[in-house]
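Protein chains in written order, with the working numbering: chain A, 54 to 465; chain B, 29 to 338; chain C, 1093 to 1404; chain D, 3 to 369.
Working notes, beginning with the structure itself.
Quick look at the structure:
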């Protein structure tokens, strides 16, 4: 049968790289890293894992975490688990762990002294449930960045803004030059994320925590947050001409100078890199929108479903170790544009923006992010609200804030 | 007259016949054995799955189903959610458009093709081919055609009409109509086929009689031919209506529910809350509402249509 | 009117025949009549609406990216390139897998063939049992099935995950085949039931007097007469299953993902700019199998639909 | 024919009932068919005659009662095990099989040896003169040929009882007459029991040993054709048989000085020669007489005189039908004489009351 020949051929190609290593265990790894920068980064992980004599079977699911997670969860609960899977560490896999479907990695962690090497420490907290460690954090992703196109501002004849407020002020000039001031993709998580960033940057860390950690609905209805909604209102006005869906299409608008800026996480950096752009020269990044320079310790982590196969379980351990290996960390994070989870690695190759991030991290200006603080359910409701808010000018700031406060009141 | 339906009504006549009479359960045994897949599907999947769904809609199950009852909480939340209300409204609009236009366009095309025209095969193939394409593909193509930056709007503006505006997928107030454009493109071909088959089944003499009586063609269609095509319309309605309730891929491929939440539909709400939001209870509550409306509309009709004894 | 009147009129008509102006012989046919202009005009306009997307897909798939960025979507390619097709088929990437749609194609074949066969086998037997061998409760099951046709698939994903897990078929090809058979059952059963019900009842009775049983009648009498409806069923199922995305992605694993999932992956794996030409080529490639099935069997399809849907 | 004892009945139906839900199709029906007898079930559509035949064949399951064929209780047997052959109105030939395969299908299903099948087909083909058609498909046959094949299919089964379900209804008049004769000859040759359903009274009259006239799921009368024709047990049977139908005149039965007479308006008919089925009593009755039993202007030999005006004259070829009004009711007379009356001509009617039938107007039963 032709299909068999084909798979055989594929397997052979794959095997060429690691010729001579027998008894390789195949481990299927699912993730949703499919954009250019992401795919290049995940290739580093696969290369490192394959070098240990095992074989990384790539199970990429395109779309976004929203598309991929249901499939991963179905497979784990359906009794056909993969070898390892990406989740955003935090509360996404909480129940899977509680249901005993995920593997306890405490032994591996103790052996590898994860508590010592992982930095900041709070990262491991996201992986810890009832004192046991269930996941391997691989990077730190922070949402709080404003990416600016130098070219766009040149064209519009306005100086490059230093923070969000200057950026808002520059919007009319940008629009006059036919440039979209702010690119926000149509997918709901992008508008929701942009608001969270504004909450942390315009409102400040305390405001952010009061709303999302303490879930103080009264505060969420108050004047502090109203200020943030005012900023979000500016943002939606600046973004109204964006006709793209995907985040990286929005990033591409900034790369090509069609849009002036984008509020997006540090993963956007990968796209600039793939496009051959240089930080500082072609584009500028403002952590915390230039208002509140902190790094949120969100990020990606790998979880390992409980498997019966002894060989595969062994391979899981190998993968867990590999993921935290300093060399892997450097290679992966350089490509991904994110920050490594251990402080003892050499990142000389990092670019301008990454270095800014590392500096903030070194200062210890960190805060938890929504993935750790809110349930997916609340996140989804939040997404619905802000997707509507950004797309529907008729939804007033006051109504939106009221609905937001209600949402916080029932959040978990 | 279909006779075997009286099997179940038979009763043992007396001792003599009783001895010769096989057990009721084993009568038509082969038919029953052959129907096991259908019975299992109906009972385990459709009925079982539905009961299970309804049961868990009264719980606060999150990522995994748990029997932690919270009464009607999920339903209160559901009917308070703006997104759900928009979804329902969109489904009604989309349903009305699909139903009316599918039937009208499908019937018109079939009537045109039935005029003994030349190239009938060619035209029929042209109208039918989109049905071979998935909603994902359909959605992608139309999303592209309707994109104001390089689709139809862009092309028309390049031709000189710079004020021309046609961006149904990017305009909250008309997005659901924009989605219907693609739905009709994909689905009317099949409806046309069904209608054409129905028209071909009409006795030629009807046309002769109408012509002799001097009845105009449109009146003949409206008052004579269409009433005669009742069975076709029923099959067609089942196909269209089941497609409407299930609409999902098309929306995802074209707008992902956007702009904002302007083009959300109930099936997407169910999916999103069950899997993205990891709130099974909420997803099941929405499912239950969908199932309930389907049952309320369909069961009495299906019973009349398929269950009556002739 | 008396016979005499009619005769009189006839003779008048006969007289008129000699007039030069009077109608005589075959009625003249004008090719460009108002009716024809309307008829073909409408058909032509509709055909443009239906063909436009296909045209755009093909034209775009043959252009290079620079041309797409500059030109308008309706203009024919200045320079025809097949590179997007090659890329879509064999080198487009999802994550680390850069083998395009080719892998998904064979998976789709492996999913579609058994699913189509099994679902049609089950549904045809159902339809036959319902039309000819009604037993107590059969109607109830059928009504449940019809209602089942209206249940959105999303609602049933979770219960089916559980059912498949319990019978140990989750993630396997057989599991997916069963899922397709289940969801194909309502409409197919309806079609087969209508078809068999429209066959002469006496034929079935004659076969029973001849001593043929449930399977004998089905296999030897009914099946040989059912080609049209089988064609319809095959077309519907091939399209439905080949185009399925949801079940393919939820109930299988990456190494058996069907072509539509690969298509979604390619289209949604945006690497910087969307490569519209590759997306369009991939789209056409994915739709090719059902399209070919349609083009080959178009005529039989209408005939079969007539047999399965018209009588009820 | 006298009622036969149970041991030489071919088909015996006892207390048979059939309900579809709340609808009763057959009601406590009894019927004994003698060995070799030709029974015709006659009635209007919806009377239950085909249903009864299907119950005998085992194609319908009965609600109550029993069916014996050749002394064996077959109430719950499969059709194939009942020893019956059946011929259908639509022929029900399997379209995808040749004539030969059609004939042999039942035998092949039963696993009959090949030589035996060949022998039986040869015999049936010879009897029915369809040898040249054996390799054709049904679509290539004419209606008459198809029906022959359908009969052949019953023939090869070598059974005791033949069931015919309106076998000639789909044929044109000429073919119908031809095949009718052939079926009669076939019956004489085979001497099988035949149960034949039809709504055509000519078929019933010509073929049957006995006719069972049915209405509303009940056998109204079971008798030899002549008896049914001449002494119908009720008004329904009287009206159903005969073409044109029997004339009916509503009126009263009167006791006139020791003799009974029928009176309607100014018409008075003494019933001296009438053979009462039960003791007469005064009351509302319907008088019936067949058109061919009435003569026109036949002199004064009758103890009564009825005058009427001709309304319409219908020449039928061999004879002529004359329509007039009697006591404001349509009345027809069949005239065979050379001289036929003209429209509006005044005529007198005469007949022998012995030929008439009297029915209770309320119940319809024969008096």
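Virtual Cβ for every residue (Gly too), placed ideally from N, Cα, C.
When DSSP builds the beta bridges, which residues end up paired with residue 34 of chain D?
Answer is D:14, bridged to residue 34 of chain D.
Of the choices A:442, A:435 and A:279, whose alpha-carbon is the least far from that of residue 289 of chain A?
Check the Cα spacing between residue 289 of chain A and each of A:442, A:435 and A:279: the tightest is with A:442.
I want to see whether chain C comes within less than 8 Å of residue 238 of chain B, judged by CB atoms only; does it?
The C-beta of residue 238 of chain B comes no closer than 8 Å to any C-beta of chain C.
Please state if the CB of residue 1234 of chain C and the CB of residue 1324 of chain C are separated by a distance shorter than 8 Å.
Taking a C-beta distance under 8 Å as the contact criterion, residue 1324 of chain C and residue 1234 of chain C do not qualify as a contact pair.
Residues bridged to residue 340 of chain A (per DSSP)
Residue pairing by DSSP puts residue 340 of chain A in a beta bridge opposite A:198.
Is it right to say residue 296 of chain A is buried, meaning 16 or more other beta carbons lie within 10 angstroms of its own, or is it exposed?
Residue 296 of chain A is buried by the Cβ-count criterion.
In chain C, which residues lie with their C-beta within 8 Å of the C-beta of residue 198 of chain D?
Going along chain C, no residue has its Cβ under 8 Å from residue 198 of chain D, so there is no contact; the nearest lies around 16 Å.
Bridge partners - residue 299 of chain B, DSSP secondary structure assignment:
None, per the DSSP bridge assignment.
Taking only runs that begin and end inside the stretch 138 to 168 of chain B, name each unbroken alpha helix (DSSP H) of 4 or more residues, in chain order.
Secondary structure in the stretch 138 to 168 of chain B: the alpha helix (DSSP H) runs of 4 residues or longer, each lying completely within the stretch, are 148 to 156 in chain order.
Residue 1263 of chain C: contacting residues in chain A (beta-carbon distance under 7 Å)
Within 7 Å Cβ-Cβ: 128, 131 and 133.
Alpha-carbon to alpha-carbon, residue 1217 of chain C and residue 73 of chain B:
Using only the alpha carbons, I get a separation of about 19 Å.
Cross-strand partners of residue 188 of chain A (DSSP beta bridge):
Among the bridge pairs identified by DSSP, residue 188 of chain A is matched with A:356.
Chain B partners of residue 1218 of chain C, CB-CB under 7 Å?
For residue 1218 of chain C, the chain B residues whose C-beta falls within less than 7 Å of its own C-beta are 63 and 66, listed in chain order.
First and last residue of the uninterrupted alpha helix (DSSP H) at residue 290 of chain D
No alpha helix (DSSP H) contains residue 290 of chain D, which is instead part of the beta strand (DSSP E) from 285 to 291.
With a 10 Å radius around its C-beta and 16 neighbouring C-beta atoms as the bar for buried, classify residue 320 of chain B as buried or exposed.
Burial call: exposed.
Do residue 1238 of chain C and residue 322 of chain B count as a contact pair if the criterion is CB distance below 8 Å?
Not in contact: residue 322 of chain B and residue 1238 of chain C (Cβ atoms no closer than 8 Å).
Tell me, please, whether the CB atom of residue 1243 of chain C is closer than 8 Å to any CB atom in chain D?
No, residue 1243 of chain C lies away from the interface with chain D (no Cβ there is under 8 Å from its Cβ).
Contact with chain B by residue 74 of chain A, beta-carbon distance below 8 Å
Caution applies to residue 74 of chain A, whose pLDDT of 42 falls short of 50 and renders its modelled position unreliable; the model cannot decide the point.
Please confirm whether residue 1142 of chain C and residue 213 of chain B have their CB atoms less than 8 Å apart.
Residue 213 of chain B sits close to residue 1142 of chain C, with the two beta carbons spaced by under 8 Å.
Strictly by DSSP, which residues pair up with residue 351 of chain A?
DSSP, once it has assigned bridges, lists A:194 as partnering residue 351 of chain A.
Roughly how many angstroms separate the alpha carbons of residue 283 of chain D and residue 165 of chain D, rounded to a whole number?
Taking the straight line from one Cα to the other gives about 44 Å.
Along the chain, where does the alpha helix (DSSP H) containing residue 88 of chain A start, and where does it finish?
Per DSSP, residue 88 of chain A belongs to no alpha helix (DSSP H) and is neither H nor E.
Residues in its own chain within less than 7 Å of residue 1299 of chain C by CB, not counting five upstream and five downstream?
Excluding residues within five positions, the ones whose Cβ falls inside 7 Å are 1309 and 1313.
Could you round the C-beta distance between residue 160 of chain D and residue 190 of chain D to whole angstroms and report it? I think they count as a contact, below 8 Å.
The beta-carbon separation of residue 160 of chain D and residue 190 of chain D, rounded to 18 Å, does not stay under the 8 Å limit for a contact.
Where residue 319 of chain B sits in the DSSP three-state scheme
In the structure shown, residue 319 of chain B falls within a helical segment according to DSSP collapsed to helix, strand and coil.
What does the alpha-carbon distance come out to for the pair residue 1379 of chain C and residue 159 of chain B?
Computed Cα separation, rounded: 10 Å.
Beta-carbon spacing of residue 59 of chain D, residue 86 of chain D below 8 Å:
Judged by their CB atoms, residue 59 of chain D and residue 86 of chain D are nearer to each other than the 8 Å cut-off.
Would the beta-carbon of residue 423 of chain A fall within 8 Å of that of residue 249 of chain A?
Yes, Cβ-Cβ distance for residue 423 of chain A and residue 249 of chain A is below 8 Å.
I'd like the list of long-range same chain contacts for residue 1148 of chain C, defined as Cβ closer than 6 Å, with 5 residues on each side in sequence excluded.
Result list for residue 1148 of chain C: 1165, in chain order.
Whole-Å CB distance - residue 81 of chain D paired with residue 61 of chain D, under 8 Å assumed
Confirmed, Cβ separation roughly 6 Å.
Determine whether the Cβ of residue 1392 of chain C lies closer than 8 Å to any Cβ atom of chain B.
In terms of beta-carbon proximity, residue 1392 of chain C stays away from the interface with chain B, with every pair separated by 8 Å or more.
Whose C-beta lies closer than 6 Å to the C-beta of residue 131 of chain B among residues of the same chain, with five residues either side of it excluded?
Nothing meets the Cβ criterion.
Quick one: grab the DSSP three-state call for residue 1253 of chain C.
The DSSP-derived three-state label of residue 1253 of chain C is helix.
When DSSP labels each residue in this structure, what does residue 1287 of chain C get in the three-state scheme?
Helix.
By a C-beta neighbour count over all protein chains shown, 10 Å radius and 16 as the cutoff for buried, is residue 93 of chain B buried or exposed?
Burial call: buried.
I want to verify the contact list: residues of chain C whose CB lies under 8 Å from the CB of residue 327 of chain B, in sequence order.
Neighbourhood of residue 327 of chain B in chain C, by CB distance below 8 Å: 1235 and 1239, in chain order.
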